[in-house]
Each structure stands twice: as structure tokens, then as C-alpha cells.
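Below is one structure, written out as C-alpha cells; comments come after it.
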Amino acid sequence: MTIPPDPAPKQAPPKRTRHEGILAVVLIYAVFAACWILLSDKLVQMIFTGPEQIILASILKGWLFVGVTTLLLYGLLRRWAAGDTAPKTRPACFPQIGWPHLALAAIIIVFTASAIIHSFIAQKKIAKLDPSELYAKVAENATWIGLTCALALIIAATGLYLLRQREQLALAEAVQQSQAERISALHLLAALADSSDDAIFAKDLDGRYLLFNRAASHFVGKPAEEVLGRDDHTLFPPEQAKMLETTHHRIIAENRTLTEEETLTIPGGERVFLATKGPLRDADNKVIGIFGIARDITERKQAEAALRASELGYRSLFENMMNGYAHCRMLFDNAKPQDFIYLDVNKAFETQTGLKDVIGRKASEVIPGICETDPGLIEIYGRVALGGQAEHFENYVEALQMWFSISVYSPQREHFVAVFDVITERKEAELALRRESNRIQHYLDTMQTLMVALDGEGKITMINRAGLELLGYAEHELLGRHWFTTCLPPDDENIMNSIFQRLIAGEIDSSEYCENEVLCRNGQRRLIAWHNALLSDEAGQLAGTLSSGQDITERKQAEQELRDSGERFRVVTENIRDAFILVDGKEGKIILWNPAAEAMFGYTKDEAIGRPVHQLIGPSRFHEAAATGIAHFTGTGEGAVVGNTLELPALRRNGEEFLVELSLSA
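Going by this note's numbering, the sequence shown opens with residue 3, and the numbers climb by one from there.
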């Protein structure tokens with residue numbers, strides 16, 4: 003999968019940093035202290051004249067200075083702390099120590115020296131000391147103060163420089179780590195997309211592809227490099243490209259996610275995709291295009307169509323078969339069969355038994371006295387309904403005064419199905435047609451996909467919710483455990499582990515498709531179709547695999563049931579005693595001719611198939627009427643004799659004319 007490069011992140015404008023706030027507090031404090039020293043002595047000399055008063059005022063002034071500066075520092079620090087909103091990640095560039103700070107420091111030194119000189123003059127007047135002694139003391143104090151201030155400035159500048167260098171180093175390490183994490187996330191995203199057998203893609207606002215994974219490239223038969231930057235007109239026919247373009251604009255205009263079936267022509271032919279598409283947004287929640295995930299459901303749609311056709315065929319056979327059919331639920335009292343309820347019957351049931359409106363009613367209500375006069379029949383039905391073997395028997399039902407040839411089986415516990423013929427007038431009738439009425443459920447519109455990541459030793463490092471639900475485990479029960487010994491059947495463990503080791507060693511392609519069973523916690527086996535992708539560590543060494551698996555157990559079972567249903571239909575038509583003829587609805591030509599029809603009319607299957615049925619077995623005097631009826635049925639789908647049973651003359655191959663009982667259905 004090709005991923006477009008990310009734009010460089012925008013740099014935030016510089017803000018006041020923590021150490022700059024500290025420097026501001028110190029400078030404000032220094033200015034205040036210098037002004038206090040300079041001006042407070044002048045104020046004391048202006049107010050007081052006596053030496054004792056000046057000394058007392060100087061002491062009080064010192065204590066007042068301590069109190070005022072304490073409050074000042076408290077206020078400044080509180081204001082600085084409240085206003086400190088500097089981000090944790092500093093910008094890459096820092097302002098250097100500027101000339102205003104140096105000038106301010108020089109001013110503080112001048113003010114401090116002036117304060118010392120003024121203090122000296124004041125003390126000189128008070129103490130009347132020797133001027134040379136005072137000048138020497140002042141010079142010594144000024145020298146020490148100057149050196150101390152210079153040293154303090156050097157230490158502050160050096161500390162500030164080292165602090166900035168440390169922050170720059172920390173920032174560089176944070177940026178490097180962030181970039182490494184971003185690259186790792188992009189690699190994982192690419193592996194996830196490429197391990198999926200669904201097409202995953204993204205487009206900009208103009209419909210040009212920004213993202214195109216491996217499955218999408220496989221579908222269209224082009225590498226991602228040839229697709230990125232182009233639109234659908236380069237991949238699909240004009241009508242389909244226009245349809246996709248309309249959907250693209252609709253998603254952007256309505257600002258919502260859509261799921262639709264799309265029929266597209268690709269190099270492999272026409273395929274049906276279930277596509278989910280939605281708006282693609284940037285970090286500011288602005289729509290910058292669309293994303294899409296498309297799954298190829300062609301086989302599923304074909305299977306559904308085949309199942310519908312098969313079900314319609316069976317329903318037609320069910321409704322028009324000559325045998326009676328009854329689906330019933332058995333009623334028990336202390337595990338002993340007592341009665342049964344009719345759940346479903348066909349038309350032949352009513353025709354052969356003469357019983358009407360039986361669905362939902364008890365047999366004892368429909369046929370009074372049957373439980374007392376025919377306990378053997380109730381016992382057989384009960385035995386079969388409790389899971390016994392299917393049985394075939396002939397029985398005289400005293401309550402109806404009819405002979406029946408019955409085949410009975412149980413589709414589920416406490417249920418039975420009876421397929422029967424009334425053989426009162428023809429005791430040698432063929433065994434009742436047995437028909438299974440299993441319902442094949444349609445596939446779900448979407449199927450969950452199992453995702454599992456393994457390290458180089460085959461241990462599970464990640465498994466998604468679909469995988470946990472499928473296997474029946476909690477996440478903590480699987481993480482760190484060996485996949486092949488935990489989740490695979492014992493007979494597949496060694497084989498699949500060998501394939502995994504070859505995959506890690508680079509001896510086989512990671513994109514190769516494979517199918518194998520997994521073993522669920524409850525002992526159930528599920529067949530999974532796998533696609534694999536290799537995972538690498540930061541050094542580029544193979545570190546494990548990421549696999550996507552689709553549960554195809556039901557699909558395989560459905561395919562087998564479809565094959566079985568076709569075989570059952572063939573067996574049914576070839577084994578019923580009555581002639582069974584299937585013709586097309588356009589020209590009335592024979593497309594199915596069973597052995598009973600061969601025996602009745604004298605024509606083999608090869609001789610009959612493809613010939614108009616009315617010309618083959620109908621007397622010539624009826625040919626014109628039959629042709630007119632077929633033409634009317636072709637145009638309207640209706641016919642006067644469709645759905646009815648009637649007696650008509652027919653011809654054998656030797657020209658013999660005889661009467662047949664004909665039942666027609668469409």
C-alpha cells in the first residue's frame with residue numbers, strides 16, 4: 003500500500019517560557035531594591051536631622067524594606083505562576099540574552115553604587131570620621147559589589163545557556179521519538195490495509211486516489227503507483243466511472259457514510275462489490291475527500307441466486323408433487339406420544355385424503371377417533387419424532403378407511419414429516435416420495451474478519467474482537483500464548499507451524515492465500531481463509547506476521563448443500579413411478595424426461611429431449627390446440643390447464659393411443 007507523505011507540522015508562535023518569567027521577576031525585584039536604597043536614604047535625611055533619629059530611621063527602614071520586598075516578591079511570583087502558560091514542548095529556537103537585559107543590569111549597578119556613595123556622605127556627616135578612611139571603605143565595598151554583580155550575571159547567563167541547551171536536546175529527542183512512533187504507526191496501518199482481502203482506498207475532493215491497498219490493486223490489475231493521482235475514468239468503463247463519480251459527490255454533499263452494492267467491470271470480468279464509503283476529514287475536521295472499503299461478494303450473490311432458484315424448484319415440486327406431504331409436531335404426555343398437530347401440508351394431501359383446513363389443528367380434531375383406532379400409527383410417528391430412524395411402511399387407517407404407503411422422518415426433535423400415497427385402489431404404488439425440507443439461510447450482508455498478530459516465535463501479540471468472539475476466549479487468555487498449539491487442531495498444528503516458519507524466513511510470499519481450520523474453545527472447528535503480511539522491527543528485521551482471516555465455514559457448507567440439493571432433485575425425478583416431463587415455457591420443448599416417461603411412451607431420454615412435447619406424445623388432432631396454448635402461455639404466463647389435473651389421450655411410440663392423468667404446473 004502506498005501512503006502519501008504527511009505535510010510538515012506548523013510551528014506555534016513563540017510564547018513566554020518559564021525561565022524568562024523567573025528572569026522578569028528577578029529584574030523587577032532588583033530595580034525595586036536599587037530604587038529603595040537610592041531614594042530611602044534621601045528621604046530619611048530630608049525628614050530627620052539628629053544622628054539618633056537618622057540611625058533609628060535607618061533600622062526601621064531596613065525592616066520595612068524586608069516586609070515590602072517580601073510582599074512584592076509574593077505578588078510577582080503569584081502573578082508569574084498564574085500567567086505561566088508555556089507549552090511543555092518548547093519551540094526549536096530561543097531568544098538570546100538581549101542588550102536591554104544587560105543595560106538594565108548596568109543601571110542596577112550604577113544605582114547601587116550611587117546608594118553607597120550617598121550613604122557614605124550621610125555617614126560622614128554623622129560620624130565626622132576621617133575622609134580617607136571612608137573613601138577606602140567605599141572603594142572596597144564598591145569593588146566587592148561590582149565583582150559580585152558581574153559574577154552573578156556570568157552565572158545567570160551560563161545557567162540560562164545550559165538550560166536552553168538542555169531543553170533543545172530534550173525537544174530534539176521528543177521530536178525524534180514522535181517521528182519514530184508516527185513512522186511505526188504508518189507501517190502498521192500499511193500492514194493492516196495490505197493484509198485485508200477487501201479493497202481499501204481514499205480519494206481527494208476531485209476524485210483522485212490518495213490511497214490504494216494491495217487488494218484494490220489486485221482487483222483492478224494495476225499497481226498502486228499507476229493509480230494514485232488518477233480518477234475512476236482510468237480504471238472503469240465510462241458509465242461505471244460516472245456512477246462512482248456521482249456517489250463520490252453525493253457522499254461529500256450529504257456528509258454521511260453510504261453502503262451500497264456496486265457492479266464493476268475489472269480485468270477478471272464483471273464483479274459485485276459491497277462498498278462502504280464516507281467523508282475523509284483532516285485534523286481540523288474539514289472534509290478533504292472520501293474513504294472506501296469494498297468487498298467482493300460476487301460468489302455470495304451467485305450462491306444466493308442459485309439457492310433461490312433451488313428453493314423455488316423445490317417449492318414447485320412440493321406444491322405439485324403427486325404424493326401427499328404433511329409436516330407435523332408430535333404431542334407427548336410423560337414421553338408417550340398422544341397426538342400431533344399439522345404444521346404444513348401440500349395440495350396432494352387434500353386431494354388424496356379429502357381433508358381440508360388442517361394446518362394448526364390436531365389430528366384428533368381433523369380425523370375423529372384416529373388416536374383410539376390407529377394407535378400403531380401414532381406410536382411410529384412418536385418414535386421417529388424423538389430422533390428415531392426414518393421408516394417406510396404400509397398402514398391401513400381405520401378412521402379414514404384408506405390404505406397408505408408412508409415414508410416418515412424427523413427434520414428436528416419432536417417433529418416428523420410424512421410423505422405418502424393413498425394405495426387403496428393401487429396397493430402396489432411406488433414408495434412415497436421422501437423430501438427433505440431444510441432451509442438454507444442466506445449469507446449475512448457483511449462478515450466479520452479475524453485479525454491476529456504473531457511474533458517471530460508464533461506467540462499471539464494482538465487479536466481483535468471478532469477473533470475473540472469466534473474462538474471463544476477473553477483477550478488475556480490468548481495474549482502471549484502460542485497460536486499453533488492453542489488455536490489449531492492437533493492434526494494441523496505441525497503443518498501450519500512449518501508454513502509459518504518458512505514465512506518468517508522469507509521462503510514463501512506473505513500474500514499467498516491459504517485455508518485452514520481453527521479450533522474454538524468449545525471444541526468446534528471453523529474453516530478460515532487467510533491473507534498474511536510480514537511485520538518488521540525498527541532495524542528492518544522480520545518480527546512477526548499480521549494475518550486477516552475470513553470465516554468461510556458456512557459458505558463451504560452452503561456450497562455442499564447446494565450440490566446435494568441438485569443431486570436430490572435428480573434422484574427424486576428419476577425414482578418416482580409417474581412419468582415426469584419438464585418442458586421450456588417458450589416452445590414447449592422437452593428438457594427433462596425421466597425413466598417412468600421412457601417406460602410409458604417408449605421413447606428414450608435422448609430421443610425425447612429437445613422435441614416439442616405435443617408433437618411427440620400428443621395425437622395429431624390436438625397439435626394445433628396445443629401449439630396455441632403454448633404460445634398463449636409464453637405471452638401471458640397463464641394457461642387454462644395449468645394447475646389442474648385432467649385426463650387426455652396420448653400416443654406411445656408404437657402409435658397406440660391411451661388415456662393419461664395429466665397434472666400441469668408452471
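Heads up, the beta-carbon is just placed ideally off N, CA and C, and yes, glycines get one too. Remember, it's a predicted structure, so these values are computed and weren't measured experimentally.
1. Pull up the CB-CB distance for F418 and V424, whole angstroms please, since I reckon it's below 8 Å.
2. Name the one or two DSSP bridge partners that R310 has.
3. Given this structure, state the Cα-to-Cα distance separating L333 from P339, to the nearest angstrom.
4. By the three-class DSSP mapping on this structure, what secondary structure does Q675 have?
5. Name the residue from I593, G280, R565 whose alpha carbon lies nearest to the alpha carbon of P2.
6. Could you tell me how far apart the beta carbons of G458 and G546 are, in whole angstroms, since I believe they sit closer than 8 Å?
7. Tell me T547's beta-bridge partners as DSSP assigns them.
8. Would you give the residue range spanned by the alpha helix (DSSP H) that L388 belongs to?
9. K338 by DSSP, collapsed to three states: which one?
10. Taking 7 Å as the cut-off, is the CB of I202 close to at least one heavy atom of the ligand FAD?
11. If you drop the 5 nearest sequence neighbours on each side, which residues of the same chain put their C-beta closer than 8 Å to that of E416?
12. W405 bridges to which residues according to DSSP?
13. For S567, decide whether its Cβ has a neighbour in chain E, counting only Cβ atoms nearer than 8 Å.
14. Which value, in whole angstroms, describes the spacing of the CA atoms of N518 and G223?
15. Three-state secondary structure (DSSP) at A296?
16. Can you pull the DSSP bridge partners for Y327?
17. Flag this pair as yes or no: are the beta carbons of D586 and A598 separated by less than 8 Å?
18. Quick check: L282 and F275, are their CB atoms within less than 8 Å of each other?
19. Measuring alpha carbon to alpha carbon, tell me which residue in L207, I501, S550 is nearest A455.
20. On the three-pair Cβ rule with 8 Å, is the segment 229-246 touching the segment 254-271?
21. Hey, could you find the ends of the beta strand (DSSP E) L215 is sitting in?
22. Just to confirm before moving on: does the CB-CB distance between A217 and D200 stay below 8 Å?
23. DSSP has M245 in a bridge; who is on the other side?
24. At 4 residues or longer, and completely inside the segment 466-546: list those alpha helix (DSSP H) runs for me, N to C.
25. Where does L230 sit, in a helix, a strand or coil, going by DSSP?
26. Taking a contact to mean a Cβ-Cβ separation below 8 Å, would you say Y327 touches F351 in this structure?
27. When you compare only the Cα positions, how much space is there between E609 and E600?
28. Under 6 Å Cβ to Cβ from P15, same chain only, skipping five residues before and after it: list those, please.
29. Looking at the structure shown, is A204 part of a helix, part of a strand, or coil, going by DSSP?
30. Hey, could you find the ends of the beta strand (DSSP E) S622 is sitting in?
31. Going by CA-CA distance only, name the one from R310, L260, N325, P491 that's closest to S665.
32. Taking just the CA atoms, how far does F502 sit from C510?
33. What does M602 pair with, by DSSP beta-bridge criteria?
34. In angstroms with no decimal places, state the Cα-to-Cα distance between I442 and A507.
35. With a CB to CB cut of under 7 Å and the five nearest residues on each side skipped, what residues in its chain are close to E576?
Based on what the coordinates show:
1. In the sequence shown, counting from the first residue as 1, residue 418 sits at position 416. In the sequence shown, counting from the first residue as 1, residue 424 sits at position 422. Separation of the CB atoms of F418 and V424 is rounded to 19 Å, and the pair is thereby denied contact status at 8 Å.
2. What you label residue 310 is simply residue 308 of the sequence shown in a count that begins at 1. Per DSSP, none; premise fails for R310.
3. Taking the sequence shown and counting its residues from 1, the one referred to as residue 333 is at position 331. Taking the sequence shown and counting its residues from 1, the one referred to as residue 339 is at position 337. Straight-line Cα distance between these residues: approximately 6 Å.
4. Nothing in the structure corresponds to residue 675, since the chain is present only between 3 and 668.
5. Residue coverage of the chain in this structure runs from 3 to 668, which leaves residue 2 outside it and unanswerable.
6. What you label residue 458 is simply residue 456 of the sequence shown in a count that begins at 1. What you label residue 546 is simply residue 544 of the sequence shown in a count that begins at 1. Taking 8 Å as the upper bound for CB-CB distance, G458 and G546 are in contact here, some 6 Å apart.
7. Residue mapping note: residue 547 aligns to position 545 of the sequence shown, counting from 1. Answer is L456, L536.
8. Stepping through the sequence shown from its first residue, residue 388 is reached at position 386. Counting along the chain, L388 falls outside any alpha helix (DSSP H), and DSSP gives it neither H nor E.
9. On the sequence shown, residue 338 is found 336 positions in, with the first residue counted as 1. If DSSP states are grouped into helix, strand and coil, K338 belongs with the strands.
10. The ligand FAD is absent from the structure shown, which contains no ligand whatsoever.
11. The residue you call residue 416 lines up with position 414 of the sequence shown. R331, M332, F334, A387, L388.
12. In the sequence shown, residue 405 corresponds to position 403, counting from 1. Paired residues: Y398.
13. No chain E is part of this structure, which consists of one protein chain only.
14. The residue given as residue 518 occupies position 516 in the sequence shown. The residue given as residue 223 occupies position 221 in the sequence shown. Near 27 Å, if we compare the C-alpha coordinates of G223 and N518.
15. On the sequence shown, residue 296 is found 294 positions in, with the first residue counted as 1. Here A296 sits in strand by DSSP.
16. Position 325 of the sequence shown, counted from the start, is the residue given in the question as residue 327. Bridge partners of Y327: V421.
17. Residue 586 sits at position 584 when you count from the first residue of the sequence shown. Residue 598 sits at position 596 when you count from the first residue of the sequence shown. No.
18. Counting from one through the sequence shown, the residue named residue 282 turns up at place 280. Counting from one through the sequence shown, the residue named residue 275 turns up at place 273. No. Outside cutoff.
19. As a first step, residue 455 must be located in the sequence shown, where it is residue number 453. That would be S550, whose Cα lies nearest to the Cα of A455.
20. Yes, they touch.
21. Working through the sequence shown from its first residue, we reach residue 215 at position 213. The sequence given here places Asn at residue 215; Leu does not occur at that position. From DSSP, N215 is part of no beta strand (DSSP E); its letter is neither H nor E.
22. Here residue 217 refers to the residue found at position 215 of the sequence shown. Here residue 200 refers to the residue found at position 198 of the sequence shown. Going by C-beta atoms, A217 is nearer than 8 Å to D200.
23. Locating residue 245 in the sequence shown gives position 243, where the first residue counts as 1. BP columns for M245 are empty, so no partner.
24. Runs of the alpha helix (DSSP H) inside the segment 466-546: 467-473, 477-480, 485-488, 492-506.
25. As a working note, residue 230 is residue 228 in the sequence shown. For L230, the secondary structure class from DSSP, reduced to helix, strand or coil, is coil.
26. Position 325 of the sequence shown, counted from the first residue, corresponds to residue 327. Position 349 of the sequence shown, counted from the first residue, corresponds to residue 351. It is a contact, given that the beta carbons lie within the stated cut-off.
27. For this step, residue 609 is matched to residue 607 along the sequence shown. For this step, residue 600 is matched to residue 598 along the sequence shown. Going from the Cα of E609 to the Cα of E600 covers about 10 Å.
28. The residue you call residue 15 lines up with position 13 of the sequence shown. Residue confidence for P15 is low, a pLDDT of 43 falling below 50, so the modelled location carries little weight; the figure read from the coordinates is stated next. Closer than 6 Å at the Cβ level, and outside the excluded window around P15, lies no residue.
29. Along the sequence shown, read from residue 1 onward, the residue named residue 204 stands at position 202. A204 falls in the strand class under three-state DSSP.
30. Residue mapping note: residue 622 aligns to position 620 of the sequence shown, counting from 1. Looking at the DSSP string, S622 is not in any beta strand (DSSP E), and its letter there is neither H nor E.
31. As a working note, residue 665 is residue 663 in the sequence shown. Of the candidates R310, L260, N325, P491, the one whose C-alpha sits nearest the C-alpha of S665 is N325.
32. The sequence position of residue 510 within the sequence shown is 508, counting from 1. The sequence position of residue 502 within the sequence shown is 500, counting from 1. Per the sequence shown, residue 510 should be read as Ile rather than Cys. The alpha-carbon atoms of I510 and F502 are separated by roughly 9 Å.
33. Against the sequence shown, residue 602 aligns to sequence position 600. BP columns for M602 are empty, so no partner.
34. In the sequence shown, the residue the question calls residue 442 occupies position 440. In the sequence shown, the residue the question calls residue 507 occupies position 505. The predicted model places I442 with a pLDDT of 31, which falls under 50 and marks its position as unreliable, so this point remains unresolved.
35. In the sequence shown, the residue the question calls residue 576 occupies position 574. Taken in chain order, the residues that qualify are N596, P597.
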